[in-house]
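A.B. asks: Below is one structure. I have some questions about it.
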Amino acid sequence: MKTFTKLTLATALSLGLGGAAMAEGIFAPNLTYRTGPFAATGIPLMNGQKDYMTMLNERDGGIGGVPINFEECETGYSTEKGVECYERTKANAVVTQPWSTGITLQVLPKTNTDMIPILAPGYGFSPMANGKVFQWAFNPPASYWDGASMIMQHIAGGDMSTLSGKKIALLHLDHPFGKEPIPVLEAMAAEYGFELVLVPVGLKEMQNQSAQWLTIRRERPDNVVMWGWGAMNASAIAEAVKTKYPMDQFYGVWWAGHDADLKQVGEAGTGYKSISWSMPQPDAPVMADIKQHVADTGMTEQEDPNSVFYQRGIVISMILAEGIAAAQAEFGTGEINAEQLRWGLENLDISEARLAELGMTGMVPPFSTSCSNHTGHSGAWMLEWDGEKFVQSGDLLQADRSFIEPLELAQSAEYADANAPWPINEDCE
Amino acid sequence: MELLNKIFVAPFADMVSAPDFLMQVLWEGLVSGVLYALIALGFVLIYRSSRIFNFAQGIMVVFAALTLVGLHEMGVPAWISVALTLGVMFGLAVTVERVVLRPLVGQPDIILFMATIGITLFLIGFGEIIFGGENKQMITADLGIPTGDVVLEPFGGLLILQHIDITAVVVAGLLVLGLLLFLNRTRMGRAIRALGDDHQAALSVGISLQTVWVLVWFIAGIIALVTGIAWGSRAGVSFALEVIAYKALPVLMLGGLESITGAIIGGLMIGMLEKLFEIYWGGPLLGGNTESWFAYVLALIVLLFRPQGLFGEKIIERV
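Sequences listed follow chains A and B, in order. Residue numbering for the first sequence follows my numbering, starting at 3 and increasing by one per position. Residue numbering for the second sequence follows my numbering, starting at 1343 and increasing by one per position.
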């Protein structure tokens, strides 16, 4: 029966979203990747996103009394399919959630004319933080450049001058996502005097990384920073164990901190660290609500509700829901449109008090956005694998904004010039 | 001058100065090569007996590995899961022959090739529905495959040999040996070879096309399972494994589509040469990630001089 349900679901998904736009409520499509080589990352995240929206629909009748039509369009993490999904869903959508830096970069120029906000929490093009230039793009609560800065600060123990003379290897997916931190890391290498060794992993080599780890063995870097996604992460962690690389010198971006990837090596992975702007809180009231309204009624597909990625998916949908609620309050209407949601996402105020009201204290650091700040720059925690699970290691870290901001301004200006005529929000201070 | 040094001097100086590291590179290449060769063997067997280029061989690796892990997750003991997985692969072979191949007998090769693309897409969708897309852990320990490693110190250096990799090389070697014996010494093996040599002649002496097709698809399924266990033990089982299987394409171009020897030697050559190139030339000169294309370039160079591959049959057609 379960298989039959899955078959029916798969058929419905594969038939596309033709009917989605017809359904009532606020249409907030999600461009998911539950299939293909990156599904291991996608499934728990998308389960978390979906379950939070389902919980709001079941518990509150949606947001502001308006149900959320949270349809999924499967991309398999393919940029071409992602653009196709965007085109298919944009007519009635109030938002697009592209779920890949490659798709985000393709869709970015279109959103200016289509006037649909892109919501890319914790991914996409880092200079999107500059809302003056990227009026329709949002990447709260932290950008990849923020993440790179925080990882380097942790490696440096808070004193960046200690990086001088060190060798840092960046093991990255050879894809727009994986290349995203390179500009900021190169700038840091020049500023603080460390050597940056780039070790790319091709999409076809994600599960065959022996050459990359031979390179790491030869280069003997002081630390390895991994910008990995999907199947790449599990392979890299297995190879690191195999080549006896010290796991406490191995760091990952927030998409390289999936419980299942570490469980395969268990004890041997002890010490591996992953920066994370979300923190699982098993006892959070929102988790009890999801259990009551979604899990207990058989509407979830998630098996482990306390995993890092599942709870991060919940935080991501909370950010969207808060944007919708802010827009509803500002414009006095339940059925908001895309332009109104853009205002909502530009005026997020996720304070400690608001997180407590939402039953999500400690699940994400407080942050707020504005017309010039589309990221929020919440900071992040360092998670560490203790052999069985990820645990928090140290206090909340903050990116060095004074270092990153000039780069963001320069690259966003470069992007606007390259895509001229590009509209700039001159009213935004 | 510096470029010439990087191409002709530095790599060899590196090899001489760190021979233990060179041995590690060659070992890793050998392990990859053995696994490429196994996948290529699956292609060759089916091609030899039916002239079908089986595009589904890669997904069969994933499907076999996922079935094994999935059955074990349901509580089935490891070796019974292996037996049941072999049963599933046999069922797949029968189904493919009955539903896909038999109705297409006599159709042009390209139609049969397209049909195997259809099988690939079906298995991807079916596999994802049944097993999900999560990365799964291969049941290495439950199968009794030794984990851990052997650490050697040749030339005062360090050479790490994983037990899993040693097992993969030994098992693959035995499988190839068994296959060669089967093809050369048994009645059914000779029937497969006869069909590969001349379809019409083989049919005229009473060799059953259907039986042979089921058999070769089943053997390809066994190879897929062994490959899936070996790769899965190294990096987990996910649909990303299918992509690795396409590495067998340049192996086939290099070794020749009909040659079992070609598949084995081609696989080993590509496995070792692509590692050597990546470590000593690709990384320092081109920024790395040369494994994505090196094998194809190597195969293309071989095709320029031997269009039939190193061990393929030279076909002469008189007009």
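Beta carbons: idealized from backbone N, C-alpha and C, even for Gly.
1) Measure from the alpha carbon of M162/A to the alpha carbon of each residue in F196/A, Y88/A and N421/A, then state which is nearest.
2) Starting from H174/A, follow the beta strand (DSSP E) in both directions and report where the run begins and ends.
3) Please list the segments of the alpha helix (DSSP H) lying wholly inside the segment 351–412 of chain A, counting only runs of 4 or more residues, in order along the chain.
4) Answer yes or no: does any C-beta atom of chain B fall closer than 8 Å to that of M208/A?
5) What whole-angstrom Cβ distance do V366/A and V317/A have, given they're in contact under 8 Å?
6) Would you say the segment 1549–1567 of chain B touches the segment 1358–1370 of chain B, given that touching needs at least three Cβ pairs under 8 Å?
7) L47/A lies in the beta strand (DSSP E); which residues open and close that run?
8) Cβ atoms of K1589/B and A1543/B: under 8 Å apart, would you say?
9) Check for me: the alpha helix (DSSP H) holding M154/A runs from which residue to which?
10) Just checking: is the beta-carbon of D429/A within a distance shorter than 8 Å of some beta-carbon in chain B?
11) Nearest CA to the CA of A496/A: which residue from Y54/A, S395/A, G66/A and I28/A?
12) Taking a cut of 9 Å between CB atoms, which residues from the segment 182–214 of chain A lie near chain B?
13) What do you get for M447/A, buried or exposed, if any count of 16 or more other CB atoms within 10 angstroms of its CB means buried?
14) Could you tell me the distance, in whole angstroms, from the CA atom of N235/A to the CA atom of A1533/B?
15) Whose CA, out of W231/A, A144/A, G315/A and D291/A, lies closest to the CA of D48/A?
16) Leaving out five residues before and five after D1362/B in sequence, what residues of the same chain have Cβ atoms less than 6 Å from its Cβ?
17) At a Cβ threshold of 8 Å, is L1380/B touching chain A?
18) Less than 7 Å between C-beta atoms, sequence neighbours within five positions excluded: which residues of the same chain meet that for M24/A?
19) Would you mind working out which of Y1622/B, F1653/B and T1632/B sits nearest S1359/B, comparing C-alpha positions?
20) Look up Y253/A in the DSSP assignment and give the residues it is bridged to.
21) What are the partner residues of L121/A, as DSSP defines its beta bridges?
22) On a Cα-Cα basis, can you pick out the residue from S276/A, S374/A, V267/A and T245/A that is closest to A258/A?
23) Flag K1617/B as yes if its beta-carbon sits less than 8 Å from any beta-carbon of chain A, otherwise no.
24) To the nearest angstrom, how far is it from the Cα of D1356/B to the Cα of L1364/B?
25) Give the DSSP-derived three-state secondary structure of M24/A in the structure shown.
26) Flag G254/A as yes if its beta-carbon sits less than 8 Å from any beta-carbon of chain B, otherwise no.
27) Measure how close the beta-carbons of A131/A and N375/A come, nearest whole angstrom, since I'm counting them as under 8 Å.
28) Can you tell me the Cβ-Cβ gap for A238/A and Q211/A, rounded? I've got them flagged as a contact below 8 Å.
29) Using the rule of at least 16 other Cβ atoms within 10 Å of the residue's Cβ for burial, across every protein chain shown, is P425/A buried or exposed?
30) Less than 8 Å between CB atoms is the rule here; does D285/A satisfy it with respect to chain B?
31) Per the DSSP calculation, K1478/B is bridged to which residue(s)?
32) If you measure between the beta carbons of L173/A and V203/A, is that distance less than 8 Å?
33) Give a yes or no on whether the C-beta atoms belonging to R90/A and C75/A are separated by under 8 Å.
34) Is S128/A near the ligand PLP - that is, is its Cβ less than 7 Å away from at least one heavy atom of it?
35) Between L216/A and chain C, is the shortest Cβ-Cβ distance under 8 Å, so that the two count as touching?
36) If you measure from the beta carbon of A23/A to each beta carbon in chain B, is any gap under 8 Å?
C.D. replies: From the atom records:
1) Start at 1 with the first residue of the first sequence, and residue 162/A comes out as number 160. The shortest Cα separation from M162/A among F196/A, Y88/A and N421/A belongs to F196/A.
2) The sequence position of residue 174/A within the first sequence is 172, counting from 1. K169 to L175 is the span of the beta strand (DSSP E), which, as asked, contains H174/A.
3) 354–360
4) Taking the first residue of the first sequence as position 1, residue 208/A is located at position 206. Output row for M208/A: interface = yes.
5) Position 364 of the first sequence holds residue 366/A. Position 315 of the first sequence holds residue 317/A. With 8 Å as the limit, V366/A and V317/A qualify as a contact, their Cβ atoms being about 5 Å apart.
6) no
7) Numbered from 1 along the first sequence, position 45 holds the residue referred to as residue 47/A. Premise fails: L47/A lies in the alpha helix (DSSP H), A41 to D62, not in any beta strand (DSSP E).
8) Counting from 1 along the second sequence, the entry for residue 1543/B is found at position 201. Counting from 1 along the second sequence, the entry for residue 1589/B is found at position 247. In this structure, K1589/B does not lie closer than 8 Å to A1543/B by Cβ.
9) Residue mapping note: residue 154/A aligns to position 152 of the first sequence, counting from 1. Segment Y146 to A158, the alpha helix (DSSP H) holding M154/A.
10) Numbered from 1 along the first sequence, position 427 holds the residue referred to as residue 429/A. No, D429/A lies away from the interface with chain B (no Cβ there is under 8 Å from its Cβ).
11) In the structure as shown, chain A begins at 3 and stops at 431. Residue 496/A is therefore absent and cannot be evaluated.
12) L200, V201, P202, V203, G204, L205, K206, E207, M208, Q209, N210, Q211, S212, A213 and Q214
13) No answer is possible for residue 447/A: the residues shown for chain A start at 3 and end at 431.
14) The residue you call residue 235/A lines up with position 233 of the first sequence. The residue you call residue 1533/B lines up with position 191 of the second sequence. About 46 Å.
15) Locating residue 48/A in the first sequence gives position 46, where the first residue counts as 1. Residue identity check: residue 48/A is Met in the sequence provided, not Asp. When only C-alpha atoms are compared, the closest one is G315/A.
16) Looking up residue 1362/B in the second sequence gives position 20. If we look at D1362/B and ignore the five residues flanking it on each side, its Cβ neighbours are P1496, F1497, G1499, L1500 and L1501.
17) By 1-based counting over the second sequence, the position of residue 1380/B is 38. Taking Cβ atoms only, chain A never reaches closer than 8 Å to L1380/B, which makes this a no.
18) As a first step, residue 24/A must be located in the first sequence, where it is residue number 22. Because M24/A carries a pLDDT of 42, less than 50, the predicted location of this residue cannot be relied on, and the following value inherits that uncertainty. Result list for M24/A: empty, nothing under 7 Å.
19) Your numbering for residue 1359/B matches position 17 in the second sequence. The candidate whose alpha carbon is nearest that of S1359/B is Y1622/B.
20) Residue mapping note: residue 253/A aligns to position 251 of the first sequence, counting from 1. Answer is V227/A and K275/A, bridged to Y253/A.
21) On the first sequence, position 119 is the one that residue 121/A refers to. Paired residues: F140/A.
22) As a position in the first sequence, residue 258/A is number 256, starting the count at 1. The option with the nearest alpha carbon to A258/A is S276/A.
23) By one-based count along the second sequence, residue 1617/B stands at place 275. For K1617/B, the answer is yes, since a Cβ of chain A falls inside 8 Å of its Cβ.
24) For the purposes of this step, residue 1356/B is taken as the residue at position 14 of the second sequence. For the purposes of this step, residue 1364/B is taken as the residue at position 22 of the second sequence. Their Cα atoms are separated by approximately 8 Å.
25) Along the first sequence, one-based indexing puts residue 24/A at 22. Unreliable placement is indicated for M24/A, whose pLDDT of 42 sits below 50; the coordinate value is still reported in the next sentence. In this structure, M24/A counts as helix in the three-state DSSP scheme.
26) Mapped onto the first sequence, residue 254/A falls at position 252. By this cut-off, G254/A is not an interface position.
27) As a working note, residue 131/A is residue 129 in the first sequence. As a working note, residue 375/A is residue 373 in the first sequence. Right, the Cβ-Cβ distance comes to about 7 Å (below 8 Å), so this counts as a contact.
28) To locate residue 238/A, count along the first sequence from 1; it is residue 236. To locate residue 211/A, count along the first sequence from 1; it is residue 209. Rounded, the Cβ-Cβ distance is 6 Å, consistent with contact.
29) As a working mapping, residue 425/A is identified with position 423 in the first sequence. So P425/A counts as exposed.
30) As a first step, residue 285/A is located in the first sequence; it is residue number 283 there, counting from the start. So, not an interface residue.
31) Position 136 of the second sequence, counted from the first residue, corresponds to residue 1478/B. Its beta-bridge partners are V1579/B.
32) As a working mapping, residue 173/A is identified with position 171 in the first sequence. As a working mapping, residue 203/A is identified with position 201 in the first sequence. Yes. Within cutoff.
33) Taking the first residue of the first sequence as 1, we reach residue 90/A at position 88. Taking the first residue of the first sequence as 1, we reach residue 75/A at position 73. Cβ distance < 8 Å, so R90/A and C75/A count as in contact.
34) Summarising the ligand content, the structure contains no ligands, and the ligand PLP is consequently not present.
35) This model lacks chain C altogether, as its protein chains are A and B.
36) Here the question's residue 23/A lines up with position 21 in the first sequence. Since pLDDT at A23/A reaches only 43, below the 50 mark, its modelled position is unreliable, and the value read off the structure follows with that caveat. Not closer than 8 Å to any Cβ of chain B, the Cβ of A23/A fails to qualify, so no.
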